[in-house]
Structures are given as C-alpha cells and as structure tokens.
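In the working numbering, the protein residues as written are 6 to 310.
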Ligand code: GLY
C-alpha cells in the first residue's frame, strides 16, 4: 500500500489513508480524500476556493483512473459542481463514455442526484473583479462580458495561478493502483479551456502492472508530452522509477514555443517506490506521503530536475 498526493491535498489526505486502512479500494480512498479538498475554502486552487474563468464562472475538471481495469472517468469545464472527481467516477461507472464536458456533464450530475453547488468563493470573485477592473476601460467594463476575450487572455494571465490542481495516487492492499484529480484550472482561463487534469495520459495515468503518475501545474505542457503516460510506459519498458520519471521529464524540458511554465510530476511504481520532481525552474514543492508503518502522513519536499 502507498498514498501520494500534492501539497493541496492536506484537508483530505488523512481521510484517504483511513479509507485504505479500513480495507477500501484505492480508487474509493482517493475520491474520499479529494472530496474534502474540493470542499475546503482554504485550498485556493480546487473546488470551492478555486479561481473562476475569465468571465467569472467556475468551470471545474476532474478525473479518476482504475489501474487494474484501465477504466477512466473524466469531466471537464463543469459548471455549478463541487465534487467533480466523484462525478468522474460516476461517468466511469454508469456510461459507455470516458469524458463529459460543460452543460452535458452538469445534466448527468442532475440525473444522478448531485446537488447544484455555488462553487465561487466570494474572495475569488473579488480578486477576479479587481483584476478585470484594472484591465478594462469604461466602455469595455459596461459591455463585459460581450467584449473580445483573446486580448484579455494574455493580459490577465497570472503565472502564480496557472498551477491549480490536486492529485491523489495510491495502491491498495490488493495491489490495485489508481489516480484521481480535481481542479478549477488555470485562473482567468478562456471559457471552455481544459487543462491536463481530465486528460488521461497527460494529467494522470495508472496501470496496476507498473505504477501510476499524475502532474500538477502547467497542463498546456503535459498535454503536449503525454507526461503521465510516458512515466508509466517507461516502467512498462523496464526502466527504474527514477529513469522513467527522468525520461518523461526530458520531453517537457525540450519543449519549445507555446506556453512554458512549471510542472510537477508525482509518480509511484508497483513496488511502492515513489518520486516527486519539479521542472522548468519550479521551486521544490511539498507533497504528502504515507505507507504502512508510518504513524501519520508526512509532508515531504520534491526534488528539482
Ligand atoms: N494542471 C492543471 C491545469 O493545467 O489545469
């Protein structure tokens, strides 16, 4: 058994540990833990407490992957919904599809009894409004949101708020690997923008035969390199965990053009080894780790590559 999650996971990590210790399946333990993160106003990057898109609407993304069946459920740009990782698990369980987006995902949520949530935290609304007021002249302010958004998209980008995500990875007592993700995405994103968190292979991947990986920060890069799949594929081809992570990182480090920012790769292998690395100038970040024998989860520091 092992559990790994990024720093944002704090409000939910011990709940995931308890679920695993009680004999829960890895996937359910991760979704339980992530639900607490999504509801926590203190986590300024996921669910309630996250950041809205450019027109002030919350659009959340989430996903789950069962590494034993390679089943995936994902939802993207979902309005009025806090618990997107749990919703993604229901897509996986109930539909012949992998991914739902936007109002279609919300319709599905209604159909299975998920509440409509007010996901926009008043402080996030205030910060968003102040940013817009700085950028818009009187005429544009009066017409907003019926103004060209493309010029705003570049002006409003805040590198400190590109990184919003939580990722949980784990292996249960039966050797089943799983991953779950949840995010409000890049703050002030263009409406409809999806990052890597709902994209299998980019923001997450799990295969119980080899291991699992998940990424945080700049989804615009990991989508181009299929980073999470690259890590697991490296394990499949016989690389050590260290080598598999470094091989996946090489592709990110070689990227030219497009938006370039920080990326953090979280990875574990089927032997319960783990590694967390920060790339492209990112400072070391903390992450959460637990394995049997530990009295409590530990906060540790990533390596810089
Ligand atoms: N990694 C989260 C995102 O790009 O939205």
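Glycine included, each C-beta is placed from N, C-alpha and C at the ideal position.
From a predicted model like this one, the values you see are computed outputs, not experimental measurements.
A direct Cα-Cα distance of roughly 18 Å separates residue 253 from residue 275. About 20 Å separates the Cβ atoms of residue 40 and residue 217, ruling out a contact at the 8 Å cut-off. Between the alpha carbons of residue 62 and residue 228 lies a distance of about 24 Å. Judged by pairs of C-beta atoms under 8 Å, the segment 23-32 does not touch the segment 102-116, as fewer than three such pairs exist. No heavy atom of ligand 1 is found nearer than 7 Å to the CB of residue 129.
In its chain, beyond the 5 residues on either side, 70, 174, 209, 211, 217 and 219 have a beta carbon closer than 6 Å to the beta carbon of residue 184. Between residue 38 and residue 52, the C-beta gap is not smaller than 8 Å, which leaves the two residues out of contact.
Closer than 7 Å to some heavy atom of ligand 1: that does not describe the Cβ of residue 65. Residues of the same chain with a CB within less than 8 Å of the CB of residue 146, apart from the 5 flanking positions on each side, are 137 and 138 in chain order.
Remark: the C-beta of residue 191 is in contact range of ligand 1, defined as less than 7 Å to any heavy atom. When only Cα atoms are considered, residue 13 and residue 81 end up about 20 Å apart.
Counting along the chain, no beta strand (DSSP E) covers residue 133; the unbroken alpha helix (DSSP H) around it starts and ends at 127-140. Around the beta carbon of residue 102, fewer than 16 other beta carbons lie within 10 angstroms, which makes this residue exposed. Listed in chain order, the non-local C-beta contacts of residue 122 below 7 Å within the same chain comprise 85, 86 and 87, local neighbours out to five positions each way being set aside.
Just so you know, the alpha carbons of residue 278 and residue 246 end up roughly 7 Å apart.
In the displayed model, residue 277 falls within coil according to three-state DSSP, outside both helix and strand. A straight line joining the alpha-carbon of residue 235 with that of residue 225 spans about 16 Å. For residue 187, the shortest separation between its Cβ and any heavy atom of ligand 1 does not lie below 7 Å. Between residue 161 and residue 193, the C-beta gap is smaller than 8 Å, which places the two residues in contact. Taking every protein chain shown into account, the CB of residue 205 has 16 or more other CB atoms within 10 angstroms, so this residue is buried.
For residue 71, the secondary structure class from DSSP, reduced to helix, strand or coil, is strand.
In the DSSP assignment, residue 9 is bridged to 174 and 294.
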